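Structure, as structure tokens:
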Amino acid sequence: MYYRLLTASFVVAVAILVYRNRAFFLSLVPDAMASRLPAALQASVSTAPGLPFHTPSSGVFGRWFGSRRYTAVPGFDWSANAANGLSSTLFDISANLEDDARSGLDPSGAQDVQTIMQTQGVSFDQARLIRHKQILVQNNIDPNTGLPLDSKAVTSLGGRIPGPSRGLR
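Residue numbering for the sequence shown follows the numbering used here, beginning at 787 and increasing consecutively.
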């Protein structure tokens, strides 16, 4: 009796995993065969506008086992960031990210760095350092040491001397 229940549970679990990863398995199937499959088994890549993840399909299986995998939100491109002066010998966008598929720097961070460069008249690297220190201060972290300023923060677990506890020797 337990054997049948265990076997049925295993079969259901495998079926769910195969369905959730159907996009991978369908990539292994020839296109001629994949086009003949029912619509519920075909991989759907529908996204709602403004959401950075896939939304489940409207079918019965999609509502039960719909995927919410992350997809990148469109942003600025690397060439626009480099053209705006957001590059240096220490942070060379074009050399470091030639084959990178990411779309660019964080838009708000790039804007902050540009503002610091213009208002304070500093280089790109100095502006990045100033912004980084500002973020550390906002998060209650000492910008010089990198340690938390909260008196209750645990920064070390304290290296205990090996040996018996409570002074027993």
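Built from N, CA and C at the ideal position, the CB exists for glycine as well.
Owing to the predicted nature of the structure, the values given are computational and were not obtained by experimental measurement.
- Collapsing the DSSP output to three states places residue 893 in a helix.
- In the assembly as shown, residue 804 is an exposed residue. Its beta-carbon has fewer than 16 other beta-carbons within 10 Å.
- Residue 810 is classed as exposed because its beta carbon has fewer than 16 other beta carbons within 10 Å across all chains shown.
- By the 16-neighbour rule on beta-carbons within 10 angstroms, residue 939 is exposed.
- DSSP places residue 793 inside the alpha helix (DSSP H), whose first and last residues are 788-806.
- The bridge partners DSSP lists for residue 934 are 927.
- Secondary structure at residue 813: helix, using DSSP grouped into helix, strand and coil.
- For residue 941, the secondary structure class from DSSP, reduced to helix, strand or coil, is coil.
- In the structure shown, the three-state DSSP call for residue 823 is coil.
- Here residue 899 carries a helix assignment [DSSP, helix/strand/coil].
- Between residue 908 and residue 916, the gap from beta carbon to beta carbon is short of 8 Å.
- It is roughly 21 Å from the alpha-carbon of residue 816 to the alpha-carbon of residue 801.
- As the crow flies, the alpha-carbon of residue 936 is around 19 Å from that of residue 918.
- Leaving aside the five residues that flank residue 902 on each side, the residues in its chain whose CB is nearer than 7 Å to its CB run, in chain order, 908, 913, 916 and 917.
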